[in-house]
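A.B. asks:
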Amino acid sequence: MGERAILAEVADLSSVLSLHAALAADPPPGIDELVPAARTVLVAFDPSRLSAPAVRAWIRAAGSATARAAAPGPLVEIPARYDGADLADTAQLLGLTVAQLVARHAAAEWTVAFTGFAPGFAYLVSPDWRFDVPRLTAPRTRVPAGAVGVAGEFTGAYPRETPGGWRLLATTDV
Numbered sequence: 367m368g369e370r371a372i373l374a375e376v377a378d379l380s381s382v383l384s385l386h387a388a389l390a391a392d393p394p395p396g397i398d399e400l401v402p403a404a405r406t407v408l409v410a411f412d413p414s415r416l417s418a419p420a421v422r423a424w425i426r427a428a429g430s431a432t433a434r435a436a437a438p439g440p441l442v443e444i445p446a447r448y449d450g451a452d453l454a455d456t457a458q459l460l461g462l463t464v465a466q467l468v469a470r471h472a473a474a475e476w477t478v479a480f481t482g483f484a485p486g487f488a489y490l491v492s493p494d495w496r497f498d499v500p501r502l503t504a505p506r507t508r509v510p511a512g513a514v515g516v517a518g519e520f521t522g523a524y525p526r527e528t529p530g531g532w533r534l535l536a537t538t539d540v
């Protein structure tokens, strides 16, 4: 990643959350930013204050620690209308009725794993959601703000109009 960042690759999202929590708990002076993603944590640093070998050693030490994800933040309820364009097709794809899909998605307690794709777009995960939903084969050129979609193990609400390939289940005004 050049002279100012190191990309730490890990096995899975759970490992990302653990590593990110351990790194965020006690960063040395000179760490500028920690950016978690699906299978990586980007560690940006000031090379005038920290050497790349020192940062790598810090990451390794944090990775071998038993730190778990940070304590949960406040619970935020996001009202959703299950009226998405892909609701029926996604239910069929998963072997569920529409009512079953809505019940499972709405009952899950979702946690922000990381942000990305577009400003304000949060990738949410839940231990209650055990589906791996394929993306659309042809992404839409326009997904409206407030659309709630699923892809892979994630769900998310589009914060603004943007192209997207997630399967749309609902809409929200939040």
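In my numbering, the protein residues as written are 367 to 540.
Just so it is clear, CB atoms sit at the ideal spot from N, CA and C, and this is done for glycine as well.
Taking 8 Å as the cut-off, does the region 518 to 526 touch the region 489 to 506 (at least 3 CB pairs, one atom from each stretch)?
C.D. replies: yes
A.B. asks: For the alpha helix (DSSP H) that D455 lies in, which residues bound it at each end?
C.D. replies: Per DSSP, D455 belongs to the alpha helix (DSSP H) from 453 to 459.
A.B. asks: If the criterion is Cβ atoms closer than 8 Å, does the pair T477 and V499 meet it?
C.D. replies: no
A.B. asks: Rounding to the nearest angstrom, what Cα-Cα distance links V401 and V376 in this structure?
C.D. replies: 13 Å
A.B. asks: So what does DSSP say about I444, is it helix, strand or coil?
C.D. replies: Coil, per DSSP.
A.B. asks: How many whole angstroms separate the CB atoms of A536 and D449, which I take to be in contact at a CB cut-off of 8 Å?
C.D. replies: 6 Å
A.B. asks: Between L416, H386, R422, which lies nearest to V407 when the distance is taken from Cα to Cα?
C.D. replies: From the listed residues L416, H386, R422, the smallest Cα separation to V407 is found for H386.
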